[in-house]
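Those protein sequences? They're chains R and X, same order as listed. Numbering-wise (our numbering), the first sequence opens with residue 1 and increments by one. Numbering-wise (our numbering), the second sequence opens with residue 1001 and increments by one. Scroll down for the structure; my scribbles are underneath it.
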Amino acid sequence: MFLGLLLRRVLSALQAGRPLVAAGLALVMAACATPPAADDEAARAAYKEANDPLEPLNRTIFEINRGLDKLIFRPVAELYRNALPDGLRDGVRNAVNNLDTPNILVNDLLQAEWRRSSESARRFTVNSLAGAGGLVDLMAMEPGEDGEPVPFHNEDFGQTLAVWGAGEGPYLVLPIFGPSNVRDAFGRVGDLFLDPLNHVIPSDVRTEFGLSRMLANGIDSRSRVIESLDDIERDSIDLYAAIRSLYRQYRRNEIVNGEIQTIPAPDISINFDDDLSRERRAAVLQ
Amino acid sequence: MVTRRTYLALFALAALWLGPGLTAAAAIEAGQARTFIQSLGDEAITTLTRSELTANAREAKFRRLLRQGFAIEGIAKFVLGRYWRTITTDQRRRYLNAFEELIVKTYAARFEQYNGDSFRVTGERPDGEAGRLVESEINQSSGPPLKVQWRVREGSEGLKIVDILVEGVSLAVTQRSEFAAVVQRHGGSVDALIEELESKVKALK
Chain R
1 MFLGLLLRRV LSALQAGRPL VAAGLALVMA ACATPPAADD EAARAAYKEA
51 NDPLEPLNRT IFEINRGLDK LIFRPVAELY RNALPDGLRD GVRNAVNNLD
101 TPNILVNDLL QAEWRRSSES ARRFTVNSLA GAGGLVDLMA MEPGEDGEPV
151 PFHNEDFGQT LAVWGAGEGP YLVLPIFGPS NVRDAFGRVG DLFLDPLNHV
201 IPSDVRTEFG LSRMLANGID SRSRVIESLD DIERDSIDLY AAIRSLYRQY
251 RRNEIVNGEI QTIPAPDISI NFDDDLSRER RAAVLQ
Chain X
1001 MVTRRTYLAL FALAALWLGP GLTAAAAIEA GQARTFIQSL GDEAITTLTR
1051 SELTANAREA KFRRLLRQGF AIEGIAKFVL GRYWRTITTD QRRRYLNAFE
1101 ELIVKTYAAR FEQYNGDSFR VTGERPDGEA GRLVESEINQ SSGPPLKVQW
1151 RVREGSEGLK IVDILVEGVS LAVTQRSEFA AVVQRHGGSV DALIEELESK
1201 VKALK
């Protein structure tokens, strides 16, 4: 696979030249944010909450990704959305999801989610056999055993690691792939090994297959969030920090499978009866 | 033994007597929060989407609904986090104004382009000790329905929204980390954040 290949190249390059390792380490150290002074309580708390010791390096990669997005990904996604009718794009989405489903099943099982495991197993068989090879998601359309359609769900090894108790580790921005953290970056590599498809596809076309799958997934995903991302960019005063927070919360929500009640409510006070509040209320009445 | 039992009985009696009064003050009646969100949503759609409204009139109506439906000052305070305690009353005044202005400028105009996406309250459940979480769906013209949840609390002026979650992502939490990042980038200066908010408001005019 593409990522695996890349990783192997980087590793062998690292082994070939120890000085390179030292240089790389120095670069990472230089890219580290300096933690705020011990007596600055508010700053220290904010630093801890951000959990982003590599922030300067991450911000640089983030800006490069953003440039690539402006130049290539967003225009391609827009072209794709304009060129293909809705139905065809939904077919692409379903096919990509269907190819992901064996690996989702593996992760469902690793998380001991039996109900979701059986959903994934049924989805892959039903859609591959009767759903035009995965272009149609029959499970999400037709009522299942309990009379309700079964919508697609996602799982990956990063989520499995979290269910097993691994912390997320520092925030990371990966080149091209974007927001991540140490746990989810390991998860990506883990998924490459776990994915049953990677063991079934003949080795001579594995790279091409992996690349096209990744490309289709990337372009279709990007085409579905064009306006949302534009809005976030326009509304935010620090896009990098907004995306960092969005990613963290989104993953937390995915890990608990959307069970919101396991995420504590923020401590927002409702009564605000001081002079400032009265003054502001009086101003409105005028 | 007898005295202990008597105490227990007295205690139970007291709990029974005081109990309902205490809980009534703290908990929101089932169904109340749901109705509150649905009617606020309906009102927003009927009053804010009219195309003949000028931008100013739309903003004024939006601001009224915002203050009526949201614990806007409590949210502003939460979003600023630890820095709230460190600033003067004058800075707080400027911050609150800029915070509210930014929300008004950002969201009021969205109702002008309202394209008929339907808003439907789908459920309600307890949230934390005294709050309710109202679940809703926004059916978009393309793609699956968007899951939006509203955290509702009861204050001295009735029910108020304290946070909105879109697909499990909290707007208040996101904005809080964004604001913290801006303050940090400026060496802990809340003034710098207020200035950025004010210039963002100006840019949106």
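Heads up, the beta-carbon is just placed ideally off N, CA and C, and yes, glycines get one too.
1) Could you tell me which residues DSSP pairs with Tyr171/R in its beta bridges?
2) Within a Cβ cutoff of 7 angstroms, which residues of the same chain sit near Leu246/R, ignoring the five residues on either side of it in sequence?
3) First and last residue of the beta strand (DSSP E) that includes Gln1149/X?
4) For Ile237/R and Val126/R, I'd like the C-alpha separation in whole angstroms.
5) Who are the neighbours of Gly258/R on chain X, taking C-beta pairs under 7 angstroms?
6) How many Å lie between Leu215/R and Gly178/R at the Cα?
7) Could you tell me which chain R residues have their CB closer than 8 angstroms to the CB of Arg1120/X, listed as they occur along the chain?
8) Starting from Leu84/R, follow the alpha helix (DSSP H) in both directions and report where the run begins and ends.
9) If Ile1037/X sits next to Val1121/X, beta carbons under 8 angstroms apart, how far is it from one beta carbon to the other, in whole angstroms?
10) In chain X, which residues lie with their C-beta within 8 angstroms of the C-beta of Tyr250/R?
11) Using a cut-off of 8 angstroms between C-beta atoms, extract the partners of Ala282/R located in chain X.
12) Let me know the secondary structure DSSP gives Val1190/X once reduced to three states.
13) Compute the Euclidean distance between the alpha carbons of Ser223/R and Asp69/R, then round it to the nearest angstrom.
14) Ends of the beta strand (DSSP E) at Val200/R?
15) Looking at the unbroken alpha helix (DSSP H) that takes in Leu138/R, where does it start and where does it end?
16) Which same chain residues, not among the five before or five after Val1162/X, have their C-beta less than 7 angstroms away from its C-beta?
17) Go through its chain and collect everything with a Cβ distance to Val1190/X's Cβ below 8 angstroms, but skip five positions before and after it.
18) Give me the Cα-Cα distance between Ser1199/X and Leu1066/X, rounded to the nearest whole angstrom.
19) Output yes if chain R places a C-beta closer than 8 angstroms to the C-beta of Ala1015/X; else output no.
20) Can you grab the Cα-Cα spacing for the pair Thr160/R / Phe1099/X, in whole Å?
21) Going by C-alpha to C-alpha distance, which of Arg1125/X, Tyr1114/X, Arg1058/X sits closest to Val1104/X?
22) Between Leu57/R and chain X, is the shortest Cβ-Cβ distance under 8 angstroms, so that the two count as touching?
23) Express the C-alpha separation of Glu1135/X and Asn217/R in angstroms, rounding to a whole number.
24) Could one say the Cβ of Asp1191/X lies closer than 8 angstroms to chain R's Cβ atoms, at least one of them?
25) Taking DSSP as the reference, what is the three-state secondary structure of Val308/R?
26) Under 8 angstroms, do Thr1049/X and Phe1111/X count as touching if we go by C-beta distance?
27) Compare the Cα-Cα distances from Ala166/R to each of Ile255/R, Thr60/R, Ala83/R, Tyr240/R and report the closest residue.
28) Between the beta-carbon of Ser277/R and the beta-carbon of Lys1077/X, is there less than 8 angstroms?
29) Is there contact here, the segment 1169-1188 of chain X with the segment 191-210 of chain R, by at least three beta-carbon pairs under 8 angstroms?
30) Just to make sure I have the definition right: I need the residues of chain R whose C-beta is within less than 8 angstroms of the C-beta of Ile1075/X. Which are they?
31) Exposed or buried, which one is Arg1034/X when buried takes at least 16 other CB atoms within 10 Å?
32) In chain R, which residues lie with their C-beta within 9 angstroms of the C-beta of Glu1196/X?
Looking at the atomic coordinates:
1) As a first step, residue 171/R must be located in the first sequence, where it is residue number 171. DSSP lists Asn181/R as the bridge partner or partners of Tyr171/R.
2) Translated into the one-based positions of the first sequence, residue 246/R becomes position 246. Nothing listed; no residue qualifies.
3) To locate residue 1149/X, count along the second sequence from 1; it is residue 149. Gln1149/X -> beta strand (DSSP E) spans 1146-1155.
4) What you label residue 237/R is simply residue 237 of the first sequence in a count that begins at 1. What you label residue 126/R is simply residue 126 of the first sequence in a count that begins at 1. Ile237/R and Val126/R: Cα-Cα distance of roughly 46 angstroms.
5) Reading the first sequence from its first residue, position 258 is the one you call residue 258/R. Under the 7 angstroms cutoff, chain X gives Gly1168.
6) For the purposes of this step, residue 215/R is taken as residue 215 along the first sequence, with counting starting at 1. For the purposes of this step, residue 178/R is taken as residue 178 along the first sequence, with counting starting at 1. Distance between the alpha carbons of Leu215/R and Gly178/R is about 15 angstroms.
7) By one-based count along the second sequence, residue 1120/X stands at place 120. The premise fails here: Arg1120/X is roughly 17 angstroms from chain R at the closest Cβ pair, so nothing lies under 8 angstroms.
8) The count along the first sequence starts at 1 and reaches residue 84/R at position 84. Element bounds for Leu84/R: n/a, residue is neither H nor E.
9) Position 37 of the second sequence, counting from 1, holds the residue named residue 1037/X. Position 121 of the second sequence, counting from 1, holds the residue named residue 1121/X. 6 angstroms between Cβ atoms; contact.
10) Here the question's residue 250/R lines up with position 250 in the first sequence. Those are Glu1167, Gly1168, Val1169, listed as they occur along chain X.
11) On the first sequence, residue 282/R is found 282 positions in, with the first residue counted as 1. The contact set of Ala282/R on chain X, defined by CB atoms closer than 8 angstroms, is empty, because the minimum CB distance reaches about 13 angstroms.
12) Taking the first residue of the second sequence as position 1, residue 1190/X is located at position 190. DSSP, reduced to helix, strand and coil, places Val1190/X within a helical segment of the structure shown.
13) By one-based count along the first sequence, residue 223/R stands at place 223. By one-based count along the first sequence, residue 69/R stands at place 69. Going by the C-alpha atoms only, they are around 12 angstroms apart.
14) Counting from 1 along the first sequence, the entry for residue 200/R is found at position 200. Following the DSSP letters along the chain, one finds Val200/R in no beta strand (DSSP E) but inside the alpha helix (DSSP H) bounded by residues 196-200.
15) As a first step, residue 138/R is located in the first sequence; it is residue number 138 there, counting from the start. Run containing Leu138/R: 138-141, per the alpha helix (DSSP H) assignment.
16) Numbered from 1 along the second sequence, position 162 holds the residue referred to as residue 1162/X. For Val1162/X, where only same-chain residues beyond five positions count, the Cβ hits under 7 angstroms are Ala1071, Gly1074, Ile1075, Arg1151, Arg1153.
17) Within the second sequence, the letter at position 190 stands for residue 1190/X. Contacts found: Leu1080, Tyr1083, Thr1086, Ile1087, Gln1091, Tyr1095, Val1183.
18) Stepping through the second sequence from its first residue, residue 1199/X is reached at position 199. Stepping through the second sequence from its first residue, residue 1066/X is reached at position 66. Going by the C-alpha atoms only, they are around 22 angstroms apart.
19) Here residue 1015/X refers to the residue found at position 15 when the second sequence is read from its first residue. The predicted model places Ala1015/X with a pLDDT of 49, which falls under 50 and marks its position as unreliable; any figure quoted below should be read in that light. Using a CB distance cut-off of 8 angstroms, Ala1015/X does not count as an interface residue toward chain R.
20) As a working note, residue 160/R is residue 160 in the first sequence. As a working note, residue 1099/X is residue 99 in the second sequence. Rounded to the nearest angstrom, the two C-alpha atoms are 39 angstroms apart.
21) Residue 1104/X sits at position 104 when you count from the first residue of the second sequence. The shortest Cα separation from Val1104/X among Arg1125/X, Tyr1114/X, Arg1058/X belongs to Arg1058/X.
22) Position 57 of the first sequence, counted from the start, is the residue given in the question as residue 57/R. At least 8 angstroms separates the CB of Leu57/R from every CB of chain X.
23) The residue you call residue 217/R lines up with position 217 of the first sequence. The residue you call residue 1135/X lines up with position 135 of the second sequence. Between Asn217/R and Glu1135/X, the C-alpha separation is close to 30 angstroms.
24) What you label residue 1191/X is simply residue 191 of the second sequence in a count that begins at 1. Asp1191/X does not count as touching chain R.
25) This structure gives no information on residue 308/R, because the portion of chain R shown stretches from 1 to 286.
26) Looking up residue 1049/X in the second sequence gives position 49. Looking up residue 1111/X in the second sequence gives position 111. Contact flag set, yes.
27) The residue labelled residue 166/R in the question sits at position 166 within the first sequence. It is Ile255/R whose Cα lies nearest to the Cα of Ala166/R.
28) In the first sequence, counting from the first residue as 1, residue 277/R sits at position 277. In the second sequence, counting from the first residue as 1, residue 1077/X sits at position 77. Pairing Ser277/R with Lys1077/X gives a Cβ-Cβ distance that is not under 8 angstroms.
29) At 8 angstroms Cβ cutoff, the stretches do not touch.
30) Counting from 1 along the second sequence, the entry for residue 1075/X is found at position 75. Ile268, listed in chain order.
31) Here residue 1034/X refers to the residue found at position 34 of the second sequence. When all chains shown are included, Arg1034/X counts as buried.
32) The residue you call residue 1196/X lines up with position 196 of the second sequence. Near Glu1196/X (Cβ distances below 9 angstroms), the residues of chain R are Ile237, Asp238.
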